[in-house]
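Its first residue numbered 67, the sequence shown is counted upward by one per residue in the numbering used here.
Contents: one structure, followed by commentary.
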Amino acid sequence: MAKYFKDINTLEELRRQYRDLLKKFHPNNANGSTQATQEVNAEYDRLFKVLKDSHESKATDNNENNTKTDFNNMKYDFSEDAKLREVLQQIITFEGINIEIVGCWIWVDGNTYEYKDTLKGIGFKWAREKKKWYFHTETFKKRSHKKLSTEDIRNYYGSTEVATDGTKRLKQAFA
């Protein structure tokens with residue numbers, strides 16, 4: 067029985083609730099603690115495994131090609147997910163920034179000037195045309211030179227926007 071997560075059916079729902087819980091229970095927050103954060107992480111790991119097993123059984127039933135480069139399969143790679151969560155934990159308490167998860171990428175904009183050295187140190191890069199910082203793991207390889215707008219990327223992968231200013235504003239877009 068889940069103590070923190072409620073009504074989880076997809077990885078996107080799990081990640082969205084994880085971000086909310088991380089903001090609420092992070093040790094840097096007034097109501098947060100290391101123990102609560104560890105419990106949230108342990109419960110996340112269990113639910114992630116359940117969702118991954120469900121995805122793999124459906125993929126086998128549908129005879130899908132389970133290549134790591136396919137986004138629908140790569141998003142269930144635990145090492146990819148762990149790296150994204152690690153990066154998110156490092157930036158979730160930054161004030162005045164907007165965090166958006168698009169597929170296996172983290173995009174950051176807003177008042178990022180004071181955090182630019184920290185973002186670079188974590189592995190973020192600056193997207194000049196989009197005027198946003200972005201992070202993705204090393205396993206992602208761009209396959210074409212086609213430039214996509216942020217909206218096109220959101221429509222393809224889906225996105226979740228995380229407000230770091232304490233509001234409960236979340237937006238989910240579906241492909």
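Glycine is no exception: its CB is placed at the ideal position from the N, C-alpha and C atoms.
What does DSSP give as the partner residue(s) for residue i in the beta ladder?
i, result
"valine 174", "Ile165, Trp199"
Along the chain, where does the beta strand (DSSP E) containing residue i start, and where does it finish?
i, result
"lysine 191", "191-193"
Which residues bound the alpha helix (DSSP H) around residue i?
i, result
"glutamate 79", "77-91"
"aspartate 183", "182-188"
Indicate whether residue i and residue j have their beta-carbon atoms separated by less than 8 Å.
i, j, result
"lysine 198", "valine 174", "yes"
"tyrosine 200", "lysine 191", "yes"
"tyrosine 70", "leucine 87", "yes"
"glutamate 146", "cysteine 170", "yes"
Our contact map puts residue i next to residue j with C-beta atoms below 8 Å; I'd like the distance itself, whole angstroms only.
i, j, result
"asparagine 177", "glycine 187", "Actually they are not in contact, since the Cβ atoms of asparagine 177 and glycine 187 sit about 18 Å apart, beyond 8 Å."
"threonine 103", "phenylalanine 91", "5 Å"
"arginine 275", "leucine 185", "The question about residue 275 has no answer, for the chain in this structure spans 67 to 241."
"leucine 150", "leucine 117", "Actually they do not touch by this definition, with Cβ atoms about 15 Å apart."
"leucine 113", "alanine 148", "With a Cβ gap of about 14 Å, leucine 113 and alanine 148 do not count as contacting."
So does the stretch 92-99 actually touch the stretch 108-115, counting three or more Cβ pairs closer than 8 Å?
-> no
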